[in-house]
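Peer 1: Numbering (the numbering used here), first residue to last: 440 to 701.
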Amino acid sequence: DDIETLAEAIRNADTAAALTGAGISAPSGIPTFRGEDGVWDRFDEGQFTYGRFRSDPEGFWADRLELQEAMFGGDYEPNAGHEALAALERDGHLEAICTQNTDGLHADAAAVVRDADVDEPSVEAAESVLELHGNARRVRCTDCGRRREADPIFERAADGELPPTCGCGGVFKPDVVLFGEQLPGAVIQRARSLARESDAFLAIGSSLAVEPAASLPRQASSSGATLGIVNLESTSCDEAAAVVHREDVAEALPRLRELIEG
Ligand code: OAD
440 DDIETLAEAI RNADTAAALT GAGISAPSGI PTFRGEDGVW DRFDEGQFTY
490 GRFRSDPEGF WADRLELQEA MFGGDYEPNA GHEALAALER DGHLEAICTQ
540 NTDGLHADAA AVVRDADVDE PSVEAAESVL ELHGNARRVR CTDCGRRREA
590 DPIFERAADG ELPPTCGCGG VFKPDVVLFG EQLPGAVIQR ARSLARESDA
640 FLAIGSSLAV EPAASLPRQA SSSGATLGIV NLESTSCDEA AAVVHREDVA
690 EALPRLRELI EG
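1) Do N574 and the ligand OAD come close, with the Cβ less than 7 Å from some heavy atom?
2) Could you check if P613 belongs to the surroundings of the ligand OAD, using beta carbon to heavy atom distance under 7 Å?
3) Could you check if F511 belongs to the surroundings of the ligand OAD, using beta carbon to heavy atom distance under 7 Å?
4) Just verifying my parser: in three-state terms, what is the DSSP assignment at F482?
5) Cβ-heavy atom distance between S637 and the ligand OAD below 7 Å?
6) Pop quiz: V682 and G663 are said to be a contact at Cβ under 8 Å. What is the actual Cβ separation, rounded to whole angstroms?
7) Check whether the Cβ of F618 lies closer than 7 Å to any heavy atom of the ligand OAD, and answer yes or no.
8) If you draw a straight line from the C-alpha of E475 to the C-alpha of L647, how long is it?
9) Quick check on DSSP: helix, strand or coil for D641?
10) For D530, tell me which candidate among T454, D582, Q539 has the shortest Cα-Cα distance.
11) Identify every run of the alpha helix (DSSP H) within the segment 632-679, keeping only runs that are complete inside it and at least 4 residues long; order them along the chain.
12) Would a C-beta distance cut-off of 8 Å place H532 and I699 closer than the cut-off?
13) Ignore the nearest five residues each way along the sequence and tell me which others in T444's own chain have a CB closer than 6 Å to its CB.
14) Say yes only if the C-beta of A689 is nearer than 7 Å to one or more non-hydrogen atoms of the ligand OAD, and no if none qualify.
15) May I ask you to check if the CB of P466 is nearer than 7 Å to at least one heavy atom of the ligand OAD?
16) I'd like to know if the segment 568-575 and the segment 596-609 are in contact, where contact means that at least 3 CB-CB pairs between them fall below 8 Å.
17) From the DSSP output, in three-state form, read off T454 for me.
18) Using the Cβ count rule (16 or more neighbours within 10 Å means buried), how would you classify I469?
19) DSSP on P613, reduced to helix/strand/coil?
20) At 4 residues or longer, and completely inside the segment 467-513: list those alpha helix (DSSP H) runs for me, N to C.
21) For A689, which residues in the same chain have their Cβ closer than 6 Å to its Cβ, ignoring the five residues on either side in sequence?
22) For A509 and V478, which I take to be in contact (beta-carbon distance under 8 Å), what is that distance rounded to the nearest angstrom?
23) Where does the unbroken beta strand (DSSP E) through G573 begin, and where does it stop?
24) Could you compute how far the alpha carbon of E559 sits from the alpha carbon of F511?
25) Excluding the five sequence neighbours on either side, which residues of its own chain have a C-beta within less than 7 Å of the C-beta of K612, listed in chain order?
26) Buried or exposed, going by whether 16 or more other CB atoms sit within 10 Å of the CB of E528?
27) Short of 8 Å in beta carbon distance, which residues of its chain neighbour S675, apart from the five on each side in sequence? Order them along the chain.
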């Protein structure tokens, strides 16, 4: 069975890593971007660019409020897929989890699996998670760089403060990577070296449609890693993979963990 092949590759790897996308949070109730019920069917992707944020911060924030509500408006928590990956990382089978998601659920899962099994809640948990596209739970002042929790700032925007501004007078930006914006340099560099060093690499719940994250699995595979893809639909990288497994992540990942850890 192909999950067994992946389990064996991870067990035998000196270094293994994963890249995740919106599909891993779908079982938590957060919509994906593409495919059935994808948010880019309901919202115009072109309105969420860095250029628009700079030229029309008011309009950008008005649209971003609606997008934030559509994506993160419900109550959501990590699912069995996040927790299986977090446990594999905690137990040393995965070096790190690179994610395109901005929902913070991998960091939550890292805390969940550590709270359950160790006395001290780990503040380093997030170190094992490389958030390539930032984190939508924060905003950042574009002048002074101060980071704030997003919820109260979004509430101010909902009350009509468009765009919401920092005490210093600067405009807040959701602390996520917008289209047309660079990824945080240190994070993408670390992800690239992980991909190069990995003997096994998993791409999970992503259509692999957006660069530069989409290139990581191919980089891993061309530098010798066994590449496994776990995704409901086809991805841009299927032909480079040793294993393509089509199953819900909340089913597939706990089984993968079971096979690795016994
Ligand atoms: P996509 O929405 O493009 O892809 C999600 C993939 O997950 C799809 O291929 C689905 O088939 C799959 N999927 C959905 N539910 C699943 C489940 N329960 N189990 C397994 N697979 C499932 O999301 P991403 O690839 O993450 O960028 O999108 C990449 C980037 O595009 C995002 O980070 C965002 C977006 O525009 C920025 O905001 C910069």
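Where a beta carbon is used, it is the ideal one built from N, C-alpha and C, also for glycine.
If you're wondering where the values come from, they're calculated on a predicted model, not measured in any experiment.
Peer 2: On the basis of the data shown:
1) No; taking the cut-off as 7 Å, the Cβ of N574 has no heavy atom of the ligand OAD nearer than that.
2) No, the beta carbon of P613 sits no closer than 7 Å to any heavy atom of the ligand OAD.
3) It does not: the Cβ of F511 is nowhere closer than 7 Å to a heavy atom of the ligand OAD.
4) DSSP places F482 in coil when its eight states are reduced to three.
5) For the ligand OAD, not one heavy atom lies less than 7 Å from the Cβ of S637.
6) That belief does not hold up - the Cβ atoms of V682 and G663 are roughly 15 Å apart, past 8 Å.
7) The nearest non-hydrogen atom of the ligand OAD is less than 7 Å from the C-beta of F618.
8) Going by the C-alpha atoms only, they are around 16 Å apart.
9) Residue identity check: residue 641 is Leu in the sequence provided, not Asp. L641: strand per DSSP, three-state reduction.
10) Closest option to D530, judged by alpha-carbon separation, among T454, D582, Q539: T454.
11) The DSSP assignment places 655-661 as complete runs of the alpha helix (DSSP H) inside the segment 632-679, in order along the chain (cut-off: 4 residues).
12) In contact: H532 and I699 (Cβ atoms closer than 8 Å).
13) Correct list, in chain order: V682.
14) Yes, the beta carbon of A689 sits closer than 7 Å to at least one heavy atom of the ligand OAD.
15) Indeed, a heavy atom of the ligand OAD lies less than 7 Å from the Cβ.
16) Contact fails: fewer than three Cβ-Cβ distances are below 8 Å.
17) Residue state, collapsed to three classes: coil.
18) Of the residues assessed, I469 falls on the buried side of the cut-off, its CB having 16 or more other CB atoms within 10 angstroms.
19) Reduced to three states, the DSSP call for P613 is strand.
20) Listed in chain order, they are 478-481, 489-494, 496-511.
21) P466, N518, A519, G520.
22) Contact flag correct, Cβ pair sits at about 6 Å.
23) 573-580 is the extent of the beta strand (DSSP E) around G573.
24) Here the model assigns E559 a pLDDT of 48, short of 50, so the residue's position is not dependable and the matter cannot be decided.
25) Only F492, V578, R579, T581 meet the Cβ criterion.
26) Flag for E528 reads buried.
27) Answer for S675: S646, L647, A648, A653, listed in chain order.
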